[in-house]
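Under our numbering, the sequence shown is numbered contiguously, ending at residue 176. Worksheet for the structure shown next.
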Amino acid sequence: MSVNEAFPDKKIEVGGRVYTRVKVDMADDCKAAATGPFATALQDKKCSRVLRATYVDSKKRYAVTTGIAVLPTKEAAAEADQAKDLGKNLWFRPLPGSASSGADRVHIAGGYAAGLLWGRYIVFSYATYADGHTPTAKEKGLDTVSGAFRDHTSLVLERRITE
């Protein structure tokens, strides 16, 4: 799987909003794209690459990193996924964009993670506020944004299977 296959379009519509891709990355060292015990689990389970992209909506309200981790088997993906700790943010690293992109704080902001296992792949997303603030209990909606990106990114795998 390549970055161009995973993230072919510079602009996408997700959840009724238009987002622009501001950064893309392919890490052959999966441990570098994750944190803590989860990073070690990816390495131990022979993850071959993590493809990530960060998008920002047109109003620069939301910044979202989404991606796909490629593992050798369904069992390896499931075992690696067990090592995540979303409460402590021990999962995939968000991919910050440049200072003017609206995604320069995605890696330091609190947000909402969503993911799913699809065979030997882990599909993930992490939605934050572009200004870098951690959401308060009254602020709702990041879960919907993150879930919509996870679902959008999983379409890459659906296309791969059906074509």
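Even for Gly, the Cβ is constructed at its ideal location relative to N, Cα and C.
{"query": "By a C-beta neighbour count over all protein chains shown, 10 Å radius and 16 as the cutoff for buried, is G115 buried or exposed?", "result": "buried"}
{"query": "Taking just the CA atoms, how far does K44 sit from I25?", "result": "28 angstroms"}
{"query": "On the criterion of 16 or more Cβ atoms from any shown chain inside 10 Å, does G132 qualify as buried, or is it exposed?", "result": "exposed"}
{"query": "For the alpha helix (DSSP H) containing F187, name the first residue and the last one.", "result": "No information on residue 187 is available, as it lies outside the stretch 14 to 176 that the chain covers here."}
{"query": "Terminal residues of the continuous beta strand (DSSP E) containing V31?", "result": "R30 to A40"}
{"query": "Report the three-state DSSP secondary structure of D22 (helix, strand or coil).", "result": "coil"}
{"query": "In whole angstroms, give me the CA-to-CA distance for S159 and A19.", "result": "17 angstroms"}
{"query": "Among the candidates T157, A122 and V136, whose CA atom is the shortest distance from the CA of Y142?", "result": "A122"}
{"query": "So, using beta-carbon positions, are A161 and V27 closer together than 8 angstroms?", "result": "yes"}
{"query": "Identify every residue that forms a DSSP beta bridge with F105.", "result": "A47"}
{"query": "Taking the beta carbon of P107 as the centre, do at least 16 other beta carbons fall within 10 Å, making it buried, or is it exposed?", "result": "buried"}
{"query": "Check for me: the alpha helix (DSSP H) holding A143 runs from which residue to which?", "result": "No alpha helix (DSSP H) contains A143, which DSSP labels as neither H nor E."}
{"query": "So, is G124 buried or exposed, given that buried needs 16 or more other C-beta atoms within 10 angstroms?", "result": "buried"}
{"query": "Can you list, in chain order, the residues of its chain with a C-beta nearer than 8 angstroms to that of E92? Leave out the 5 residues immediately preceding and following it.", "result": "A54 and K58"}
{"query": "Here's the rule: buried if 16 or more other CB atoms are within 10 angstroms of the residue's CB, otherwise exposed. What is D94?", "result": "buried"}
{"query": "Using only CA atoms, which one of Y134, L170, T33 and R172 lies nearest to V63?", "result": "Y134"}
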